[in-house]
Amino acid sequence: MLEKRIAITLLSCTLLTGGCSFSADSLWPSLSSPSSKSVKQINKNITIRPSNEEKANQSLVNLNGGLKPPKLGATNFKVKAPKGGKPTGTLVGNKISTLRDDLKRLQASIDIENNDLQAVRSKSNSNSKTYHDRVAVMRSKLQLGTTPGNPMMVEAWNAAQEQLEKVNDDIGEMNSLSSRVAADASMSAYLLDATRASFGISGAVDEDHQQLEVLEDEVSQTVVLIERLLTELSDDIRRQSNYVANERNQLNTLALAIKNGEFFGPSLASTAYNVSSVKSPNVTSSKTGLNRGRPLVIIRFNQPNVNYEQALYTAVNKVLQNQPNATFDLVAVSSVNGGTAKAALNANETRRNAQNVLRSLVDMGLPPGRVSLSATSSSSGNEVRLYLR
1 MLEKRIAITL
11 LSCTLLTGGC
21 SFSADSLWPS
31 LSSPSSKSVK
41 QINKNITIRP
51 SNEEKANQSL
61 VNLNGGLKPP
71 KLGATNFKVK
81 APKGGKPTGT
91 LVGNKISTLR
101 DDLKRLQASI
111 DIENNDLQAV
121 RSKSNSNSKT
131 YHDRVAVMRS
141 KLQLGTTPGN
151 PMMVEAWNAA
161 QEQLEKVNDD
171 IGEMNSLSSR
181 VAADASMSAY
191 LLDATRASFG
201 ISGAVDEDHQ
211 QLEVLEDEVS
221 QTVVLIERLL
231 TELSDDIRRQ
241 SNYVANERNQ
251 LNTLALAIKN
261 GEFFGPSLAS
271 TAYNVSSVKS
281 PNVTSSKTGL
291 NRGRPLVIIR
301 FNQPNVNYEQ
311 ALYTAVNKVL
321 QNQPNATFDL
331 VAVSSVNGGT
341 AKAALNANET
351 RRNAQNVLRS
361 LVDMGLPPGR
371 VSLSATSSSS
381 GNEVRLYLR
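Every letter in the sequence shown is one number past the one before it in the numbering used here, and letter 94, counting from 1, is 94.
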């Protein structure tokens, strides 16, 4: 196979920009002249904090990429059985007996839900750990290097994806449990209102009011317990949902790495990790300030099967660490040399190349909304340029 060559210019810069949008209506507009903006040079080996908007989903990012298995709640919600009371024979006394029976049934339901919660927590922790261990083995193998499309790695990736779906199924169980707890919360609120209203019923004796005071305290404690259970369960669901969403991005990045036989790094969706000083013989870094008109990356498709992914990842990765909310313009530049027919063929080819580069960026974890596509022509050869907007 001919040696693959790639001419890529990596510009170590970033600038303050606004958000961008991506829609089918804006696909392939003509390239307008870029405006001049100030830039800042990126320092190497620094730790960048995520933006406030991304902290919720990126709070557990580790140095190898991906989220650590989330630590779920550990509270064991045990209810205290209500105290018995002597029948008084009054209307209020009968009402108290009915309310106490309702409280016992509610507490029995809470016991079942608590047991279910502890079980699904244990299962989810186990599934998350198993998934995380499988991904760690794949990353270690890819970091050492392997053959492109290694079938053993593909099999390991499929197993990891299946394991992640088990974690997602656990979230479904938690959601179902949350609905049951919410129904008990409504019941507990009703019992508390009914107990307090019973103080106003006429015909009560002193013993009735004494028992009502005790019952009100017991119902109030149960209400607080249910609220704590519901809050902790909601936190577990949120943690697991963030974990699964992030790990799906990580699996996409791993799939691209398996295809190429090497690990580029964590998903670009992760914005809080240490910068590793990655060098490629096909990448040159600028040591001076740059103006907005120069591209961040240039990929020249002058040979079949241009291997550009690692250099592209390195460039975008460094920019995102300095500016987590950075957005990009991906431009297909086609050659006008060779006449009208040849120029049309070049335009179609460069657009396909740009689509492939965009697909690579998305597989690396960059949200599609961060990149806009456009096309232009030049007297130079066919190439794809990535600009920092």
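Backbone N, C-alpha and C define an ideal beta-carbon position, used for all residues, glycine too.
Going by C-alpha positions, residue 138 is about 52 Å away from residue 103.
Taking C-beta separations shorter than 8 Å and ignoring five residues to either side along the sequence, the partners of residue 357 in its chain run 299, 308, 312, 330, 384 and 386, following chain order. If you look at residue 335, you'll find it in the beta strand (DSSP E) that goes 328-335. Membership of residue 378 in the beta strand (DSSP E) is indicated by the continuous run 371-378. CA-CA distance, residue 256 to residue 220, rounds to 55 Å. Using a Cβ distance threshold of 9 Å, residue 250 and residue 96 do not count as a contacting pair. Between residue 228 and residue 188, the alpha-carbon positions lie close to 13 Å from each other. Comparing alpha-carbon positions, the option among 111, 84 and 89 lying closest to residue 101 turns out to be 84. One alpha carbon belongs to residue 127, the other to residue 116, and they sit about 16 Å apart. For the pair of segments examined, the stretch 223-241 was found to touch the stretch 73-81: the number of CB pairs separated by less than 8 Å reaches three. Nearest to residue 375 by alpha-carbon distance, out of 352, 369 and 141, is 352. Between residue 303 and residue 260, the CB-CB gap reaches or exceeds 9 Å. In this chain, residue 72 is not harboured by any beta strand (DSSP E), its DSSP state being neither H nor E.
With fewer than 16 neighbouring CB atoms inside 10 Å of its own CB, residue 205 falls in the exposed class. Residue 184 and residue 120 have their C-alpha atoms roughly 19 Å apart.
In this structure, DSSP gives residue 389 a state outside helix and strand, which the three-state scheme calls coil. Secondary structure note for residue 300: its beta strand (DSSP E) is the uninterrupted segment 297-300.
Of the residues assessed, residue 323 falls on the buried side of the cut-off, its CB having 16 or more other CB atoms within 10 angstroms.
Annotation for residue 90: no alpha helix (DSSP H) segment contains it, and DSSP assigns it neither H nor E. DSSP places residue 216 in the helix class (H, G or I) of the three-state scheme. Counting every other CB atom within 10 Å of its CB across the protein chains shown gives residue 199 a total below 16, marking it as exposed. Per the coordinates, the alpha-carbon of residue 159 lies some 56 Å from the alpha-carbon of residue 196. In this structure, the CA atom of residue 335 is about 9 Å from the CA atom of residue 350.
For the pair of segments examined, the stretch 169-176 was found to touch the stretch 227-244: the number of CB pairs separated by less than 8 Å reaches three. C-alpha of residue 105 to C-alpha of residue 190: approximately 14 Å in a straight line.
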